[in-house]
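Remarks on the structure that follows.
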Amino acid sequence: MKLSIHWFRRDLRLEDNKSIESALAGSSPLLPIFIFDQNILENLPRNDARLSFIHQQLERIHQKLKTMGSGLLVLQGDPQAVWKSLLKQYEINAAYWNKDYEPYARDRDSSIRNLLTANDVEVLEQKDQVIFEESEITKDDGKPYTVFTPYKKKWLAKLQPEDLKVQTSKSENSFFQHEPQFPSLESIGFSEPTFSTPEYDLSQVSTYAAERDLPAADSTSRLGPHLRFGTISIRQIINQIHPKHEVFLSELIWREFFIQILFHFPEVISGNFRRKYDGIQWRNNDAEFDAWCRGETGYPMVDAGMRQLYQTGFMHNRVRMVVASFLCKHLLIDWCWGEAYFAEKLLDYELASNNGNWQWAAGTGCDAAPYFRVFNPTAQQKRFDPNFEYIKRWIPEYGTDEYATPIVEHRFARERAIVTYKQGLDRFTPDH
Ligand SMILES: Cc1cc2nc3c(=O)[nH]c(=O)nc-3n(C[C@H](O)[C@H](O)[C@H](O)COP(=O)(O)OP(=O)(O)OC[C@H]3O[C@@H](n4cnc5c(N)ncnc54)[C@H](O)[C@@H]3O)c2cc1C
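All letters in the sequence shown, in the order written, are residues 416 to 847 by this note's numbering.
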């Protein structure tokens with residue numbers, strides 16, 4: 416029997432899924448699959464909380480498919496090899512997936528598209544992860560925006576009701592009827608994590624504009640991992656908050672801004688967006704980096720954030736900005752070190768946003784603050800956690816002799832950062 420395949424990747428839901436919708440409109444039964452990509456898996460710690468989150472979401476999808484006489488086929492290996500064996504096993508009419516804009520995914524998809532088309536399988540790719548993709552929002556001359564405000568203005572001007580249309584029609588009979596085994600987390604090579612991914616929560620969105628910078632309030636949405644893995648569609652979220660909550664929408668537009676930056680400038684993965692900062696001589700002191708990771712710098716706002724990250728896989732955005740600035744400016748440690756540490760620990764880790772925000776904090780990114788603006792972590796604490804509520808939550812020894820003394824003096828570190836950045840800029844030559 417001929418069938419079509421939907422390949423789940425960053426769209427772990429059956430509802431409002433553009434690719435599934437389009438596949439179900441086709442004539443052949445739809446076999447939904449997921450591939451645990453060995454190339455990604457082998458670099459993850461065995462109790463990675465993101466892996467168990469993915470596993471849970473797949474199980475939810477599988478259970479729902481079971482009620483329709485179908486099931487999710489979960490595979491593991493190198494995606495090329497997995498698709499080759501699918502081609503041997505099934506007569507495949509068409510393959511459907513939602514687009515992923517990260518460089519690794521684009522390369523992977525391009526080689527699988529080649530494999531499939533060479534085997535007479537039609538490949539259909541949909542835009543699902545974002546409202547506007549690739550080059551849909553550009554300057555009048557067609558070039559990508561590298562500054563957020565005009566990008567956002569155009570994004571808002573272009574938004575039409577059909578961009579937010581949620582897919583509803585679903586023919587439940589069109590899923591391929593079978594009973595695949597659903598693998599346990601252990602059989603994939605992983606174990607239960609020490610913490611889990613919370614549900615997202617939009618109940619406090621009306622106070623978001625006023626409270627989003629207060630880490631103790633803990634009132635942000637926690638949407639990060641859900642958007643990262645597509646357990647909810649971006650359209651469904653925006654439908655709930657637009658047009659009332661513009662500040663919140665603006666954050667979602669930042670997400671798309673960084674996705675299109677990575678799409679157009681994939682070289683940001685391995686270097687400064689603004690090459691003129693290539694001459695900075697980072698100190699890259701290992702002991703200071705360890706103190707930063709452990710949350711033992713003696714700066715309570717920094718330490719509270721780093722401990723929240725280590726213990727829960729989350730850190731409040733305001734605090735992310737403070738710890739990132741502290742690492743790059745106060746300690747003069749290459750932002751790539753901090754970026755890699757966040758990538759390992761964040762439940763909501765997302766390459767485009769992580770890279771974009773790290774480069775923003777380091778001053779090397781597009782639309783970044785000028786390098787000589789150095790956050791004062793103590794002033795940030797006074798402003799955003801005046802009652803030490805957040806700090807005491809994460810640093811039980813705060814205020815006792817056991818708490819670390821500052822590893823560097825603020826005024827000295829600020830001056831040193833400004834001089835080092837300036838020297839780096841002077842050192843830069845355009846051919847460098
Ligand atoms: C150094 C640094 C690293 C970061 N790394 C990541 C990352 O790996 N993944 C990630 O999703 N966000 C990252 N952010 C952005 C932001 O901190 C998180 O999106 C946010 O804290 C997640 O919490 P929330 O879901 O409760 O966000 P909310 O404040 O409720 O915002 C809702 C959603 O808007 C988007 N958003 C909010 N702020 C930003 C932003 N500055 N840039 C891009 N999108 C944004 C996210 O999708 C977020 O889930 C980083 C920020 C900094 C300063």
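In this text, a Cβ means the ideal position worked out from N, Cα and C, and glycines have one as well.
These are the residues, in chain order, with a beta carbon less than 6 Å from any non-hydrogen atom of ligand 1: Arg627, Thr635, Ser636, Arg637, Leu638, Gly639, Leu642, Glu666, Leu667, Trp669, Arg670, Phe673, Asn732, Arg735, Met736, Ala739, Phe757, Leu761, Asp763, Tyr764, Glu765, Ser768, Asn769, Asn772, Trp773 and Ala776. In the DSSP annotation of this structure, the continuous segment of the alpha helix (DSSP H) that includes Gln453 starts and ends at Gln453 to Leu456.
Note on the segment 507-544: whole beta strand (DSSP E) runs with a minimum of 3 residues are 537-541, in chain order.
For the pair Ile455 and Leu427, the CB atoms are not nearer than the 8 Å cut-off.
Spanning the alpha carbons of Ala755 and Lys417 requires a straight line of approximately 44 Å. A straight line joining the alpha-carbon of Val834 with that of Trp697 spans about 12 Å. Distance from the CA atom of Ala632 to the CA atom of Gln491, rounded to whole angstroms, is 41 Å. Around the beta carbon of Thr646, a 10 Å sphere encloses 16 or more other beta carbons of the protein chains shown; the residue is thus reported as buried. Non-local C-beta neighbours of Asp693 in its own chain, meaning closer than 8 Å and more than five positions away in sequence, comprise Gly686, Asn687, Gly839, Phe843 and His847, ordered along the chain. Linking Lys567 to Val823 through their CA atoms gives a straight-line distance of about 38 Å. In this structure, Ser648 keeps its C-beta atom at 8 Å or more from the C-beta atom of Leu439. Taking the CA atoms as reference points, Ser618 sits about 47 Å from Gln504. Taking the CA atoms as reference points, Arg826 sits about 11 Å from Pro792. In the structure shown, the three-state DSSP call for Lys837 is helix. Contact annotation, Tyr511 with Ser434: C-beta distance approximately 5 Å; criterion of less than 8 Å satisfied. Restricting attention to Lys499, Gln774, Glu626 and Leu480, the CA atom closest to the CA of Asn534 is found in Lys499. Per DSSP, reduced to three states, the secondary structure at Val489 is strand.
Inclusion of Arg733 and Asp431 in the CB contact set at 8 Å is not warranted, their separation being larger than that value. The beta carbon of Ser526 is closer than 8 Å to those of Gln495 in its chain, skipping five residues each way along the sequence. Assigned with DSSP and collapsed to three states, Ile695 falls in coil, not helix or strand. Here the alpha carbon of Ile603 sits roughly 47 Å from the alpha carbon of Ala794. Gly728 places its beta carbon less than 8 Å from that of Lys760.
By the CB criterion at 8 Å, Ile552 and Gln675 fall inside the cutoff.
The shortest C-alpha to C-alpha distance from Gly780 to any of Val536, Ser740 and Leu446 is the one to Ser740. Relative to the Cα of Phe672, the nearest Cα in the group Glu548, Pro801 and Leu445 belongs to Glu548. By alpha-carbon distance to Trp669, the top candidate from Gly771, Glu607, His641 and Phe790 is Gly771. For the 8 Å CB-CB criterion, Glu711 and Asp718 form a contact. The straight-line gap separating the alpha-carbon atoms of Leu664 and Leu531 is approximately 38 Å. Runs of the beta strand (DSSP E) lying entirely within the segment 661-720 and spanning at least 3 residues: none are present. The beta strand (DSSP E) runs of length 3 or more contained entirely in the segment 761-828 do not exist; there are none. An exposed status is given to Val562, since fewer than 16 other beta-carbon atoms sit within 10 Å of its beta-carbon.
Secondary structure at His470: helix, using DSSP grouped into helix, strand and coil. Comparing alpha-carbon positions, the option among Val581, Leu487 and Gly814 lying closest to His477 turns out to be Leu487.
In this structure, the straight-line span from the alpha carbon of Ile450 to that of Gly557 is close to 36 Å.
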